[in-house]
Amino acid sequence: MKRIILYFFTHLFVTCALFGQNTAVSVTIAAKTANFKKYDGYFDYYWDEASGKIWLEIEAWDTEFLYVHALAAGVGSNDIGLDRGQLGGSRVVKFHKVGPKVLLIEPNYGYRAISNNPDERKAVEQAFAQSVLWGFKVEVQEGEKVLVDATDFFMQDAHGVVQTLSQRNQGSYKLDVSRSAIYLPMCKNFPKNTELEATLTFTGEPKGAWIRSVTPTPEAVTVRQHHSFIELPDNNYQPRVFDPRSGYFGIEFLDYATPIQEPIAKRYIRRHRLEKKNPNAKLSEAVEPIVYYVDRGAPEPIKSAPIEGASWWNQAFEAAGYQNAFVVKEMPADADPLDVRYNVIQWVHRSTRGWSYGASVYDPRTGEIIKGHVSLGSLRVRQDFLIAQGLVQPYENGTTPDPRLLEMALARLRQLSAHEVGHTIGIAHNFAASINNRASVMDYPHPLVELRIMEQWILVSLMQ
Ligand SMILES: [Zn+2]
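Counting from 19, one number per residue, gives the positions in the sequence shown under our numbering.
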């Protein structure tokens, strides 16, 4: 009797197991996604209108790519520091499958062994932590290809809004999923980059004046966060060794395969890839010029100033042997400023004046800049106008403003644009230029004001 019962249960188990397997195999990706909208591109994905979900197709296992997130729509407070267009750093990641799980793994490029010996490489890989950024569940599998529900990944607080609001003493907030959704107008897909965006609402008790001042209902702070999966560049880029005298930003890692008599720390500068069409010519056009695009949201006569200022860099590239290799244009109407294919000078509004900055998406393996992104604070030009107003008596003879006010403000904006673009093409500050005839735009040059005692008053010359 015992044998019969045992047989019965064994048989039942096998039947269940087979039934389970059949169920998984019988659903194809095509069947599962039949009613979804497909976005073809670097990683194919689907929008499921009925459930509001994003389904991601993965078949390139253990293949590294770049993951970048950014704040597409910000909070608008310079003091809080959550600005429109703010980049969130560049990470090399890869998908790895284990049974029903898909892990998004970030390898550790801070510690390497650049060696042909796999054992040396393994010794370093196993010595330092990696980071698994997310775990997905396989919903459908077809051979090597799987479909996962990636909605929660794209609707997470990747940019750390909760943390920033807490650190700035603005209150304790948490993500409210019921008030958050995928933002379809900025969900796009291209052969080398996959772009997704989500509207996220953070609810909580506001404690600070800054968050109250910029949010219609401070108990609910709604922003948008953008995610990009980007194909890594090919291996034809030649990294350039960092030298502190070069004035460049750099990347640094330890290479445990370094010969013992050499420094273990390796440093490369950050720069765009640039190759001459004619490598033997002293002056040559570039195979692919570096193009920067200026935000269409800046009004004239403002918009022309950052275009002109950023264009000054063409002189530097020409001195280095490149003709027309650095181009600045207005952003195309249908382009997304967070799309990795565009170097952007963005015109960013906040409730108060604040600093501008330049950041880059770069390949953490080599330092190659993939996208430059300048954030120009819009109130700065108004502040400069007010400074100029304070220096002269512009309304002495009636109501017409003195044209020098605008001239000075735009001159400073040209300089600021050149300065921030300098950062996004990899160059650090050069404060030594202050005592070298103000020779570098990478300095913080103060307005050069010359006082001349005239018959009636003081004439101010603004030299920038
Ligand atoms: Zn700077």
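Glycine included, every Cβ here is placed at the ideal spot set by N, Cα and C.
| query | result |
| --- | --- |
| Cβ shell of K300 (< 7 Å), same chain only, five flanking positions each side left out | G339 |
| Contacting residues, own chain, Cβ-Cβ under 6 Å from S396 (five flanking each side not counted) | W365, H367 |
| Nearest-angstrom Cβ-Cβ length linking T217 and I72, presumed shorter than 8 Å | T217 to I72, Cβ: 13 Å. No contact. |
| Straight-line Cα distance separating L466 from N296 | 42 Å |
| Classification of P350 by the beta-carbon crowding that lies within 10 angstroms, buried from 16 upward | exposed |
| According to DSSP, residues forming a beta bridge with G239 | Here residue 239 turns out to be Val, not Gly, going by the sequence shown. V239 is bridged to F220. |
| For F113, the residue or residues it bridges with in DSSP | L122 |
| Cβ-Cβ distance between V120 and F154 below 7 Å | yes |
| Closer than 6 Å to ligand 1: residues, by C-beta to nearest heavy atom, in chain order | H437, H441, H447 |
| Closest residue to H464 among G265, D261, A406, R139 (Cα-Cα distance) | A406 |
| Neighbourhood of Y462 by C-beta distance below 6 Å, restricted to the same chain and skipping five residues each side | none |
| Minimum C-alpha distance to H441 - residue among D420, D354, K389 | K389 |
| C-beta contact flag for W152 and Q188 at 7 Å | no |
| Classification of Q144 by the beta-carbon crowding that lies within 10 angstroms, buried from 16 upward | exposed |
| Among Y380, L423, T418, nearest to Q401 - alpha-carbon criterion | L423 |
| Bounding residues of the beta strand (DSSP E) (the contiguous stretch that carries K295) | Counting along the chain, K295 falls outside any beta strand (DSSP E), and DSSP gives it neither H nor E. |
| Status (buried if at least 16 other CB within 10 Å, exposed otherwise) for A52 | exposed |
| Close beta carbons around H114, own chain, < 6 Å, minus the five adjacent residues each side | D80, L121, I123 |
| In DSSP terms, what L89 is bridged to | Q104, Q243 |
| Proximity below 7 Å, CB of S108 to CB of V362 | no |
| Residue(s) in a DSSP beta bridge with L74 | Y63, V166 |
| Coarse secondary structure for T182, derived from DSSP in three states | helix |
| Classification of R430 by the beta-carbon crowding that lies within 10 angstroms, buried from 16 upward | buried |
| Cβ-based neighbour list, A484, same chain, cut-off 7 Å, excluding 5 preceding and 5 following | As shown, the chain starts at 19 and ends at 482. That puts residue 484 outside it, with no answer to give. |
| Residues bridged to D273 [DSSP beta-bridge criterion] | R130 |
| Simplified DSSP assignment, three categories, for S452 | helix |
| Assigned exposure category for W331 - 16 Cβ within 10 Å defines buried | buried |
| Contact under 7 Å by Cβ, V156 with V164 | yes |
| Distance, E237 Cα to K225 Cα | 10 Å |
| Buried or exposed (CB count within 10 angstroms, at least 16 for buried), A147 | exposed |
| Given N96 as reference, the closest of S369, S393, A131 once Cα atoms are compared | S369 |
| Where I47 falls: helix, strand or coil (DSSP) | helix |
| Coil, strand or helix - W228 by DSSP | helix |
| Same chain, Cβ closer than 7 Å to A304, five either side skipped, listed in chain order | L292, E293, K294, K295, Y340, A343 |
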